[in-house]
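So the structure is just underneath, and the comments pick up after that.
2 protein chains.
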Amino acid sequence: MAGIRETKKKETRQAIMQAAVTLFSEKGFEKTSIEELAKAAGIGKGTIYGYFQTKSDILHAFCEDELESLHEELTTNADREIPILQQMVSIYMSEFRQITQNREFARLFMQQTAFPRDVDLEKHLANEDNYFKLLFPLLEKAQERGELRRDVDLLYITGHFYGLYLLLVSAWFSGRVQTEEAETALETLFRQAIEGLQPRPEHTSNEGKAHE
Amino acid sequence: MAGIRETKKKETRQAIMQAAVTLFSEKGFEKTSIEELAKAAGIGKGTIYGYFQTKSDILHAFCEDELESLHEELTTNADREIPILQQMVSIYMSEFRQITQNREFARLFMQQTAFPRDVDLEKHLANEDNYFKLLFPLLEKAQERGELRRDVDLLYITGHFYGLYLLLVSAWFSGRVQTEEAETALETLFRQAIEGLQPRPEHTSNEGKAHE
DNA sequence: AACAAAAGATGACTGCGGTCGACTTTTGTT
DNA sequence: AACAAAAGTCGACCGCAGTCATCTTTTGTT
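Protein chains in written order, with the numbering used here: chain L, 88 to 299; chain S, 88 to 299.
Now the structure itself:
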C-alpha cells in the first residue's frame, strides 16, 4: 500500500527543488537552464513540467516551503503576552531575514507574492488565509489588552503591518535600508503606525523624553 | 541644426512605444513578439534594443511616462490647504486609477517598481527622488498646520503612505479590493495611519458613533 | 498471471527574447 | 567636396523555456 507512485512523486519533487536551489544559488536563476537542472535532478527535462508550471514556480515553491516551516516555528514559540509591537516586529523580521538571504530569490518571490499572476490567485489566497490564521489571534489578544483599537477590522490591522513590511522590503531592494538597519526601521515604522502620524495630545508621560 | 539624428531617435522611440502599447493591449504582453512589434513600428528587430534593454522595459518606460505627466498635473492642480488625508488619497488614487487601467501592465510595472532589478536601481532611485520632491512640500505644510507629527522623518511619513498604497494595489490584484471600493479602502487606511492603531484617549467627540 | 487503462517520463521540437557582426547613415573636420 | 569616425540599423543566429507525441511504468481488474 506504500503507493510506489506517490512516494516517487514526492521524492522527485524534492529532488527537483533540491537541485534547483543548489544551482540557482551557485549560478543564479537566469543562468541556470531547465535542462541543466533536470540533469542535476537525474530526470528528463519534460518531467519537471509535471511538477511545476514554470521555472520560477520552482523557486517560489521552495520559498513558500521555507516560510511555512518558519511560520510553524513562530506559532509555537510566540510569546503572546509581550506588546503587540514586539510580536509583529519579531514575526516580520523572521520573514525578512529568511527571504533576504538570497537577493535574487527574494526579488522573484516578492514580485510573485505581492502582485501574483491570475493563474496563481487561488493558491495565493489560500496562503494569505493561513497567514491570517497566524496573526489574527495575536491581534485579537492585543485588542483585548487594549493595545489596539477594536473599531478597526483585523484585516485592516494586518494590512497596516503587511503594508509596512512590503515597504521595508522594497526599501531594502532600493538600498535605502541596509540589512542591519532593517529591524530598527521596521520597529520605528510599526510604532509610528500604532501611535499614529498625527501629533498625540500629550499623555506621553512614560517615555524616555523629558516629561515637559 | 535640427540634429537629424536626435529627431529621428525620438520619433523611433515613440513609434516603438506606440506600437508596443497597442499590441500589448490587443494581444497581451506575452503573446506579442518583439519581431512583430518591430514590424509594427516599421523597424528591424535589433533596432529596438538600441532603445530599450528588454521587452518589459518598453512597457515600464510607457508606464513611467504616463505617471510622470500625471504627476505634473497633480503638482499644478493640488490644493495644498485641504487636509493632508484628502491630498494623499487624491494623489495615490490618481496613480491607482492610472495604473489599474490595464491589469497586465499594472502587474509588470508594480513588480519592477516595488522590487527593481539591480540594473535599474539608479533610474529607480532618481524616480523615487522625484516623487519625494512632489510629496515633501505637502507633508511639510501639513506638519506646520499641526496635522502631522514633526518628530517623524518625512521619509518615514512618505513610507507609511506608500506602504499602504502598495498594500492596496496588492489587495486589488488578489481580488480582496474591488476597483470601486479602492478609494474608500485607501481613505480608511490612510485615516487609520494618521490616527494610529492604538485606542485614542477619548477626544473622538465629533465622529458618527454615539458618544458613549 | 495477464492485460488494459491510467499515470508518468522523455527528449526532439517550436517559438521567442536577446546578441552580434556586417552594413548604412550622419556628423564634423579638412 | 571628400572622407573617416561615430552612431544607428538590421536580420541571421543562439540559447533556452516550455510543449507534445511517444514510450515506459504502475495500478486495478479479471
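Ideal Cβ positions, reconstructed from N, Cα and C, are used throughout, including at glycine.
Please read these numbers as outputs of a predicted model, since none were measured by experiment.
Asked                                                                                                                                                                                      : Found
If you check the beta carbons only, do Thr187(L) and Thr109(L) fall under 9 Å apart?                                                                                                       : no
Find out if the Cβ-Cβ distance for the pair Gln185(S), Leu146(S) is shorter than 9 Å.                                                                                                      : no
Compare the beta carbon distance of Tyr179(L) and Gln279(S) with 9 Å and say whether it is the shorter of the two.                                                                         : no
Can the beta-carbon of Phe202(L) be found closer than 9 Å to that of Arg287(S)?                                                                                                            : no
Name the residue from Lys114(L), Gly115(L), Glu123(L) and Thr99(L) whose alpha carbon lies nearest to the alpha carbon of Phe139(L).                                                       : Thr99(L)
Quick one: complete alpha helix (DSSP H) runs, 4+ long, within the region 156 to 227 of chain L?                                                                                           : 171 to 187 and 190 to 201
Output needed in chain order: residues of the region 168 to 196 of chain S with a Cβ under 7 Å from some Cβ in chain L.                                                                    : Arg194
Quick check on Val264(L): buried or exposed, where buried means 16 or more other Cβ atoms within 10 Å of its Cβ?                                                                           : buried
State yes or no: is the C-beta of Glu268(L) within less than 9 Å of the C-beta of Val176(L)?                                                                                               : no
Got a sec? Which residues, its chain only, sit under 8 Å from Ala297(S) by beta carbon, not counting five neighbours each side?                                                            : Legend: pLDDT at Ala297(S) = 39, less than 50; position of this residue unreliable, value from coordinates given subsequently. Taken in chain order, the list of residues that qualify is empty.
Give every residue of the same chain whose Cβ lies closer than 6 Å to the Cβ of Leu241(S), excluding the five residues on either side of it in the sequence, and list them in chain order. : Phe223 and Leu226
Go to Tyr243(S), then tell me how far its alpha helix (DSSP H) extends in each direction, as first and last residue.                                                                       : Leu241 to Phe260
Measuring straight from C-alpha to C-alpha, what distance separates Ser181(L) and Thr134(S)?                                                                                               : 46 Å
Under a CB-based cut-off of 9 Å, is Ser301(L) close to chain S?                                                                                                                            : Beyond the ends of chain L as shown, which are 88 and 299, falls residue 301(L); an answer cannot be given.
Say whether chain L places a C-beta atom closer than 9 Å to the C-beta of Ala201(S).                                                                                                       : yes
Less than 9 Å between the beta carbons of Gly250(S) and Leu253(L), yes or no?                                                                                                              : yes
Where does Gln140(L) sit, in a helix, a strand or coil, going by DSSP?                                                                                                                     : coil
Along the chain, where does the alpha helix (DSSP H) containing Val108(L) start, and where does it finish?                                                                                 : Ile91 to Lys114
So, are the CB atoms of Phe116(L) and Glu191(L) less than 9 Å apart?                                                                                                                       : yes
For Ala148(S), I'd like the list of residues in its chain whose CB is within less than 7 Å of its CB, leaving aside the five on either flank, ordered along the chain.                     : Met104 and Phe139
Quick one: which chain L residues come within Cβ less than 7 Å of Arg236(S)?                                                                                                               : Leu284, Gln285 and Pro286
Quick one: which chain S residues come within Cβ less than 9 Å of Ile244(L)?                                                                                                               : Gln279 and Leu284
Is the shortest distance between the beta-carbon of Glu267(S) and the beta-carbons of chain L less than 9 Å?                                                                               : no
Do you know how far the Cα of Leu208(S) is from the Cα of Gly262(L)?                                                                                                                       : 8 Å
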